[in-house]
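Colleague:
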Amino acid sequence: MSQFECWQKTKHVDVFDARLFYPTFCLNQVYENFNEFVLFKKRLAGAGPFKLLDIGCATGEISRYLRSFYPHMQYT
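In this text, residue positions in the sequence shown follow our numbering: the first is 102, and each later residue adds one.
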C-alpha cells in the first residue's frame with residue numbers, strides 16, 4: 102500500500118483529524134507540547150503583523166492554533 106493510499110483510510114482520518122473537533126484551548130495544549138511551537142512563540146513574542154506560508158496537511162489545525170495567538174497574522 103502506498104503512502105497516499107494510507108492517508109485515505111478511515112483509521113488515518115480517525116487518528117489525525119480528531120483534533121479538528123477539539124475546543125481551541127485543548128488544541129493549544131496539544132501544540133504547546135511540541136518544542137517547535139514553544140520556540141516559534143518565543144521568536145514571535147511582541148511581533149507586529151507578519152505573513153506565514155504553511156505547506157501543511159490541510160486539516161487546518163495549525164492555522165487555528167496560530168490564529169489564537171496571532172490574530173494579525175496573514176496565513177497562506
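By construction, the Cβ of each residue, glycine as well, lies at the ideal position given by its N, Cα and C atoms.
Do the CB positions of Y132 and Y166 come within less than 7 Å of each other?
Modeller: Cβ distance < 7 Å, so Y132 and Y166 count as in contact.
Colleague: Would you mind giving the Cβ-Cβ distance between L145 and Y171, rounded to the nearest angstrom? I have them listed as a contact below 8 Å.
Modeller: That belief holds up - the Cβ atoms of L145 and Y171 are roughly 7 Å apart, short of 8 Å.
Colleague: Given a cut-off of 7 Å, decide if M174 and L153 are closer than it, judged by their beta-carbon atoms.
Modeller: Yes.
Colleague: Label F162 either buried or exposed according to how many other C-beta atoms from any shown protein chain fall within 10 Å of its C-beta, with 16 as the threshold for buried.
Modeller: Looking at the sequence provided, one finds Glu at residue 162 rather than Phe. E162 should be labelled buried.
Colleague: Would you list the residues sitting across from L153 in a DSSP beta bridge?
Modeller: According to DSSP, L153 bridges with Y176.
Colleague: Are D118 and T160 touching if we call contact CB-CB under 7 Å?
Modeller: Cβ atoms of D118 and T160: closer than 7 Å.
Colleague: Return the CA-CA distance between D155 and G149, expressed in angstroms with no decimal places.
Modeller: Approximately 19 Å between the Cα atoms of the pair.
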